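Shown next, in structure tokens, is the structure this report addresses.
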Amino acid sequence: MDFNISNIWLVELFGVEFWITQTIVNTWIIMVFLIGFAVFVRFKLRKMDDVPTGFQNVIEAMIEAFEGFVKSMSGEHGKYFAGWFFTVFLFILVSNLSALVGFRPPTADWVTTAALGFATFFLTLYAGMRFRGIGRYLKSFFEPVWVFFPLNVMGELSRPISLSFRLFGNILSGLVLIAMVYTLLPFALRFLLPIPLHIFFDLFVGALQTIIFCALSLSYIGAACAEE
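Residue numbering for the sequence shown follows my numbering, starting at 410 and increasing by one per position.
Structure follows, in structure tokens:
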């Protein structure tokens with residue numbers, strides 16, 4: 410397992426070079442998987458039963474549990490963003506778990522986690538202006554007194570950066586440690602000894618970091634929507 414990001418092929422448009430990296434290709438594969446899963450669910454649930462059973466019951470339980478999670482972290486206003494964060498939750502979770510099948514997780518690339526972090530940043534700004542009003546939300550940057558404006562701005566900008574580095578650092582550190590173990594072990598032992606590390610870093614830490622990223626993002630949105 411290699412923890413370096415590989416360049417796969419070069420695309421040149423109007424004299425500008427664009428490298429298609431391993432992260433981009435793995436992201437596309439995960440997106441195709443999630444889209445296929447969504448189409449499968451839509452096909453299976455084309456006829457909804459009044460009393461859910463089986464597969465419908467599982468899907469409805471997942472959605473209700475996530476809606477409860479969103480409400481607990483961000484309040485009633487957060488339900489407006491539940492669809493987005495459900496998609497982000499699935500993307501991050503599948504990305505983190507993809508290391509179990511030999512993929513290099515897209516979340517082990519800071520470019521991916523930074524994009525997700527700044528998406529949360531812009532959603533937080535939008536939520537504050539939508540539910541509190543533009544004037545009242547912008548006024549909060551000058552509270553408790555106007556001299557705190559630079560600090561408040563820096564605090565808002567630090568959130569997406571901390572979000573991105575927290576997710577990126579945890580996933581990359583696990584990837585690096587596992588890659589080192591594979592490198593140091595004899596070939597015959599590579600199929601057995603790294604299993605506990607995969608369970609801890611890819612499964613446990615991957616799921617935990619997914620929950621933490623969404624929980625913090627929703628708490629920021631909830632704070633932006635709050636009256637006080």
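Beta carbons are placed, not taken as given, at the ideal position from N, Cα and C, and that holds for glycine.
These numbers were taken from a predicted model, which means no experiment stands behind them.
Of the listed residues the options, nearest to residue i (C-alpha basis)
i	options	result
G631	V556, Y535, F446, M440	Y535
K403	P605, F494, H607, E469	The chain is shown from 410 up to 637; residue 403 falls before or after that span and cannot be answered.
A528	I417, S415, C623	C623
F446	F500, N505, F490	F500
N505	F490, T522, W428	T522
E476	V497, Q465, K488	K488
M563	N435, F540, F530, N416	F530
R575	L594, Y591, G526, F609	G526
V520	F557, I570, A474	I570
V616	R545, T516, Y591, K456	Residue identity differs from the one stated: residue 616 is Ala in this sequence, not Val. Here the closest residue by C-alpha is T516.
L606	V434, I620, Y591, V554	Y591
I414	L581, N561, K453, I438	L581
Bridge-paired residues (DSSP) for residue i
i	result
L594	For L594, which the question treats as bridged, DSSP gives no partner whatsoever.
L419	W428
Counted within 10 angstroms of its Cβ, other Cβ atoms place residue i as buried (16 or more) or exposed
i	result
I604	exposed
S567	exposed
L422	exposed
G492	exposed
D458	exposed
V503	buried
N435	buried
7 Å Cβ shell around residue i - same chain, five flanking residues per side excluded
i	result
W418	I429
V614	N579, G583
I472	none
Residues of its chain near residue i, where Cβ-Cβ distance is below 6 Å and the 5 sequence neighbours each way are ignored
i	result
S507	P514
N416	W428, T430
Short CB-CB distance (under 8 Å) between residue i and chain D
i	result
V441	The structure shown has no chain D; it contains just one protein chain.
8 Å Cβ shell around residue i - same chain, five flanking residues per side excluded
i	result
L490	The amino acid at residue 490 is misidentified as Leu; the sequence shows Phe. Excluding residues within five positions, the ones whose Cβ falls inside 8 Å are V479, S483, L532, A536, L627, I630.
Anticipated Cβ contact below 8 Å, residue i with residue j, distance rounded
i	j	result
L572	L612	In fact, because the Cβ distance is near 22 Å, the residues do not count as touching under 8 Å.
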